[in-house]
Amino acid sequence: MNRPLKVIIVGAGIGGLTAAIVLRQIGHCVEVYEQAPTLRTAGSGLSVMSNAVAALSSIGVNLKLEHFGAPIKRFEIRNVKGRLIRSLPIPEISSSNGFDSVCISRKALHEALLQQLDKNIIHVGAKVTTITERDDGISVRFADGRETDGDLLIGADGIYSFVRDYIQGNKPVRPADYICWLAVTRYQHPQITPGYVGHYWGAGKRIGLVDVGDGEVYWWGTANMCTEQARNWQGNNKDILAYYQGWPAIISDIILQTPSEDIIAVPAQDRPFSPLWGKGRITLLGDAAHPMLTSLGQGAGMAIEDAAVLGHALKQQSDPISALRQYEKIRLPRAEMLVNASKMLSDSEQDDRFFHCLKRDLSLRFVPTAKLMENFEKSLRFSTGDFDFDAVAAG
Ligand SMILES: Cc1cc2nc3c(=O)[nH]c(=O)nc-3n(C[C@H](O)[C@H](O)[C@H](O)COP(=O)(O)OP(=O)(O)OC[C@H]3O[C@@H](n4cnc5c(N)ncnc54)[C@H](O)[C@@H]3O)c2cc1C
1 MNRPLKVIIV GAGIGGLTAA IVLRQIGHCV EVYEQAPTLR TAGSGLSVMS
51 NAVAALSSIG VNLKLEHFGA PIKRFEIRNV KGRLIRSLPI PEISSSNGFD
101 SVCISRKALH EALLQQLDKN IIHVGAKVTT ITERDDGISV RFADGRETDG
151 DLLIGADGIY SFVRDYIQGN KPVRPADYIC WLAVTRYQHP QITPGYVGHY
201 WGAGKRIGLV DVGDGEVYWW GTANMCTEQA RNWQGNNKDI LAYYQGWPAI
251 ISDIILQTPS EDIIAVPAQD RPFSPLWGKG RITLLGDAAH PMLTSLGQGA
301 GMAIEDAAVL GHALKQQSDP ISALRQYEKI RLPRAEMLVN ASKMLSDSEQ
351 DDRFFHCLKR DLSLRFVPTA KLMENFEKSL RFSTGDFDFD AVAAG
């Protein structure tokens, strides 16, 4: 084991908390700084795919997510009439990886992460405003005047990352010109069996219904809309329903029985991929490094994989700065592949031209199973690229 380092993590989202767990696991001293006054999570859900669970397992961390959410048992894509286009082989690929893909509420995922951490290492109400690099360490200063020093700084501060701006300069996000509505609600319906995921594809709009366990269903909807309108959305559940007139009854039912105040609206956005993640004692992780659109359900998964690979690199490189560069080198190709694949899938899913939608649905329906498996395996298998940690450990 190398000398224990003091690592400053900016941001207590999924990426920051996972990095803290991994770095503690390999014996480093970690401090997490979060700008929000509390660690409360917004009430939606997400999927943690099997690649992310495998990545954590590779470094000896098991969050036991199956106790907090619902392992995916069925994943289907339907059209606006409710007809099945295709069942996706996600449960099968996940099982063959040896790890379930799990759908979970954000609240439950945060609980699972926080259970692995000593709360004293997390400092809330701490917005990083200044970074100072020195030869022998790094300092950060917070909005309230506090300061702290460390050996390394991990920017896990999300799509509007301050640390990313420090490294790359301030650049605008890339709007996708559609809105996402998100909610978790208690709901029962015979279609929503344990581990059920159903996506409905329309023209320029979609809906997803996802079992997250414990009698709760996470649903999300999208509709094409300019980013300004999406950012300022003030509508209620009936306004949302207006976008899905004529869609299957289960959709109107779940939207109408969700209190409007429980529905979150966010504009869909990402950033063009940048390979510049760090310098010196600083690196980026999660959405700070590679925010992606949600179509592959891999944003949080990639943040988790980042944390695991960072842990491997720090374990095996005696020089921590070289370890950060090693981590970036390993992660760049996979992160770039997923940012671009998510954008491509999102563009196709949000297409509102009749013949393009027809072609999209027919392509999915008739794509050979082997090809479908191959496409999903690329994202669902945890990979460290060309870097062989075991070989380094053995050598
Ligand atoms: C609609 C939607 C659906 C999604 N669905 C899925 C899904 O199904 N599966 C999946 O894997 N991913 C999904 N994602 C993506 C996933 O939510 C993100 O990729 C993931 O949450 C990123 O985590 P993070 O920790 O990198 O960033 P964040 O969760 O954004 O956390 C960053 C933290 O840093 C803090 N911070 C920011 N600036 C500062 C500062 N200067 N000082 C201190 N703290 C700061 C913020 O307050 C925040 O708490 C979805 C995203 C959206 C929008």
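Taken in order, the sequence shown gives residues 1 to 395; the numbers are from full-length UniProt numbering. C-beta atoms are modelled at their ideal positions from N, C-alpha and C, and glycine is treated no differently. Small disclaimer: the values here were computed from a predicted structure and weren't measured.
Nearest-angstrom Cα separation, counted from residue j out to residue i
i: residue 402; j: Arg281; result: Here the chain has residues from 1 to 395 only, and residue 402 is not among them.
i: Glu349; j: Ile85; result: 13 angstroms
i: Ser101; j: Pro71; result: 6 angstroms
i: Val7; j: Ile321; result: 12 angstroms
i: Ile14; j: His110; result: 7 angstroms
i: Gly198; j: Leu209; result: 5 angstroms
i: Lys127; j: Ile159; result: 15 angstroms
i: Gln257; j: Ala242; result: 15 angstroms
i: Ser213; j: Pro259; result: Strictly speaking, residue 213 in this sequence is Gly, with Ser absent from that position. Taking the straight line from one Cα to the other gives about 20 angstroms.
i: Gly45; j: Leu182; result: 8 angstroms
i: Gln25; j: Val61; result: 8 angstroms
i: Ala394; j: Gly27; result: Residue confidence is low: Ala394 scores 47 on pLDDT, short of 50, so the model does not pin down where it sits. No coordinate-derived value is stated.
i: Ala203; j: Ile263; result: 22 angstroms
i: Ala20; j: His123; result: 13 angstroms
i: Leu372; j: Leu364; result: 8 angstroms
i: Trp233; j: Thr129; result: 30 angstroms
i: Gly11; j: Arg134; result: 22 angstroms
i: Val80; j: Gly246; result: 8 angstroms
i: residue 483; j: Asp361; result: Beyond the ends of the chain as shown, which are 1 and 395, falls residue 483; an answer cannot be given.
i: Ile255; j: His189; result: 13 angstroms
i: residue 422; j: Tyr327; result: Since the displayed the chain opens at 1 and closes at 395, residue 422 lies outside it and no answer follows.
i: Ser383; j: Asn236; result: 42 angstroms
i: Gly286; j: Gly43; result: 20 angstroms
i: residue 396; j: Thr41; result: The chain is shown from 1 up to 395; residue 396 falls before or after that span and cannot be answered.
i: Asp347; j: Asp177; result: 10 angstroms
i: Gly125; j: Arg146; result: 11 angstroms
i: Ala265; j: Thr369; result: 35 angstroms
i: Val184; j: Gly215; result: 10 angstroms
8 angstroms Cβ cutoff met for residue i and residue j
i: Leu65; j: Ile104; result: yes
i: Leu345; j: Ser50; result: no
i: Ala289; j: Asp306; result: yes
i: Ser58; j: Ala230; result: no
i: Pro89; j: Lys73; result: no
i: Ile179; j: Ala223; result: yes
i: Leu293; j: Ala323; result: no
In DSSP terms, what residue i is bridged to
i: Tyr33; result: Val10, His123
i: Asp149; result: Ser139
i: Cys180; result: Thr222, Val266
i: Thr283; result: Ile154
i: Trp201; result: Asn79, Arg206
i: Ile104; result: Leu46
i: Gly213; result: Glu216
i: Tyr196; result: Arg74
i: Glu133; result: Ile138
heavy atom of ligand 3 below 7 angstroms from residue i C-beta
i: Thr193; result: No copy of ligand 3 appears in this structure; the ligands present are ligand 1.
C-beta neighbour in chain B for residue i, strict 8 angstroms
i: Ile192; result: No chain B appears in the structure shown, which is made up of a single protein chain.
message: With three or more beta-carbon pairs closer than 8 angstroms as the criterion, would you say the region 192 to 199 touches the region 142 to 151?
response: no
message: Quick test of the definition: if touching needs 3 or more C-beta pairs under 8 angstroms, does the region 335 to 344 touch the region 152 to 171?
response: no
query: Which ranges does the beta strand (DSSP E) cover as unbroken runs of at least 3 residues, wholly within the region 280 to 356, from first to last along the chain?
result: As far as the region 280 to 356 is concerned, its whole beta strand (DSSP E) runs of at least 3 residues are 282 to 284.
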